[in-house]
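Step one of this worksheet: look at the structure below.
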Amino acid sequence: MTLSLDQYARVVTALELLGLPHADVLAAECISAGQWQELKAPLEARLEGAALDDDFLEEYVAASQRALTHFKRRLAPLDRDPLAWFAFLKCFGESSNPSRLARELGLTEIDLANLGAYWVGALPCLAPELRIRAAEVSPGVPKLRLGLQVYQTPADPIGIAR
């Protein structure tokens with residue numbers, strides 16, 4: 000059994016950034032806690048020993064970015080309504096403590112990254128008049144309906160050989 004950098008980044012994101020239960024994450028990956036410790040050790044040693052200009056660090060950053068897509072959840076209405084998104088974005092930008100605002104609303108760093116990535120792709124497709132309305136909306140936070148953050152079984156679980 001081997002551990003890819005993408006798999007490692009996905010599990011580390013779940014455990015360290017989201018604080019998801021170890022048992023749930025490892026069960027979805029079809030491995031035990033002991034197997035996880037054994038499999039991650041060589042990658043962690045390589046990351047710890049890598050020089051700042053080591054390509055391996057760049058590969059890990061890219062794997063970490065890809066891992067974020069595994070943690071999408073519904074964030075209504077921010078994930079579908081451009082007026083709600085822009086109102087929130089303005090409020091977030093004007094906040095004296097945006098991180099605290101996000102936490103109080105139940106939003107994680109991953110939620111914000113995924114929302115940003117979604118809207119970067121979606122905004123150019125909006126009708127011009129809707130883009131203008133969105134840009135002119137007043138700052139505010141709509142009532143949010145957040146989906147549960149769970150660890151979905153990945154397409155490439157660590158414990159299942161391919």
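Residue numbers (numbering that gives the first Met the number 0): 0 to 161.
Note that beta-carbon positions come from the ideal geometry of N, C-alpha and C, so glycine has one too.
Is the beta carbon of residue i sitting closer than 8 Å to the one on residue j?
{"i": "residue 99", "j": "residue 145", "result": "no"}
{"i": "residue 129", "j": "residue 81", "result": "yes"}
{"i": "residue 85", "j": "residue 12", "result": "no"}
{"i": "residue 9", "j": "residue 153", "result": "yes"}
{"i": "residue 155", "j": "residue 34", "result": "no"}
{"i": "residue 148", "j": "residue 16", "result": "no"}
{"i": "residue 29", "j": "residue 131", "result": "no"}
For residue i, which of helix, strand or coil comes out of DSSP?
{"i": "residue 129", "result": "helix"}
{"i": "residue 108", "result": "helix"}
{"i": "residue 170", "result": "What the structure shows of the chain is the stretch from 0 to 161, and residue 170 is not part of that stretch, so it cannot be assessed."}
{"i": "residue 3", "result": "coil"}
{"i": "residue 119", "result": "helix"}
{"i": "residue 100", "result": "helix"}
{"i": "residue 124", "result": "helix"}
{"i": "residue 24", "result": "helix"}
{"i": "residue 54", "result": "helix"}
{"i": "residue 19", "result": "coil"}
{"i": "residue 63", "result": "helix"}
{"i": "residue 49", "result": "coil"}
{"i": "residue 90", "result": "helix"}
{"i": "residue 136", "result": "coil"}
Just list the residues that DSSP pairs residue i with in beta bridges.
{"i": "residue 144", "result": "75"}
Spatial neighbours of residue i within its chain, please: CB distance less than 8 Å, with the 5 preceding and 5 following residues excluded, ordered by chain position.
{"i": "residue 46", "result": "55, 56, 59"}
{"i": "residue 125", "result": "81, 133"}
Can you tell which of the options has its C-alpha closest to the C-alpha of residue i?
{"i": "residue 138", "options": "122, 117, 93", "result": "93"}
{"i": "residue 143", "options": "27, 87, 22", "result": "87"}
{"i": "residue 136", "options": "83, 43, 96", "result": "83"}
{"i": "residue 157", "options": "38, 19, 16", "result": "38"}
{"i": "residue 74", "options": "43, 48, 33, 109", "result": "109"}
{"i": "residue 111", "options": "68, 124, 50", "result": "68"}
{"i": "residue 32", "options": "21, 41, 127, 40", "result": "21"}
CB-CB under 7 Å to residue i, same chain, minus the five flanking residues each way: which ones, in chain order?
{"i": "residue 24", "result": "10, 13, 14, 150"}
{"i": "residue 118", "result": "84"}
Keeping to the same chain, check which residues put their C-beta closer than 6 Å to that of residue i; ignore five residues upstream and five downstream.
{"i": "residue 140", "result": "87, 90"}
{"i": "residue 62", "result": "4, 5, 8"}
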